[in-house]
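*Asks:* In my numbering, the protein residues as written are 1 to 55.
Beta carbons are placed, not taken as given, at the ideal position from N, Cα and C, and that holds for glycine.
Computed from a predicted structure; not experimentally measured.
Structure provided below as structure tokens; questions to follow.
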């Protein structure tokens, strides 16, 4: 998950500063999918659900 976070942070900064065109958004999206963002989301969601359901 660290690779995903690092890549996202880098790309957000590059997009804000104009170093990465917004036209590359589809490539950005595919890259984070390839890096495993869906698994990371599922893990975090499961943890949140376990926390919310505790007694």
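#1: Assign residue 12 to one of two classes, buried (16 or more other C-beta atoms within 10 Å of its C-beta) or exposed (fewer than that).
#2: For residue 14, I'd like the list of residues in its chain whose CB is within less than 7 Å of its CB, leaving aside the five on either flank, ordered along the chain.
#3: Taking the continuous alpha helix (DSSP H) assigned at residue 42, which residues delimit it?
#4: Pull up the CB-CB distance for residue 43 and residue 4, whole angstroms please, since I reckon it's below 8 Å.
*Replies:* Inspection of the coordinates gives the following:
#1: Exposed, by the Cβ-count rule.
#2: 20
#3: 37-52
#4: About 11 Å separates the Cβ atoms of residue 43 and residue 4, ruling out a contact at the 8 Å cut-off.
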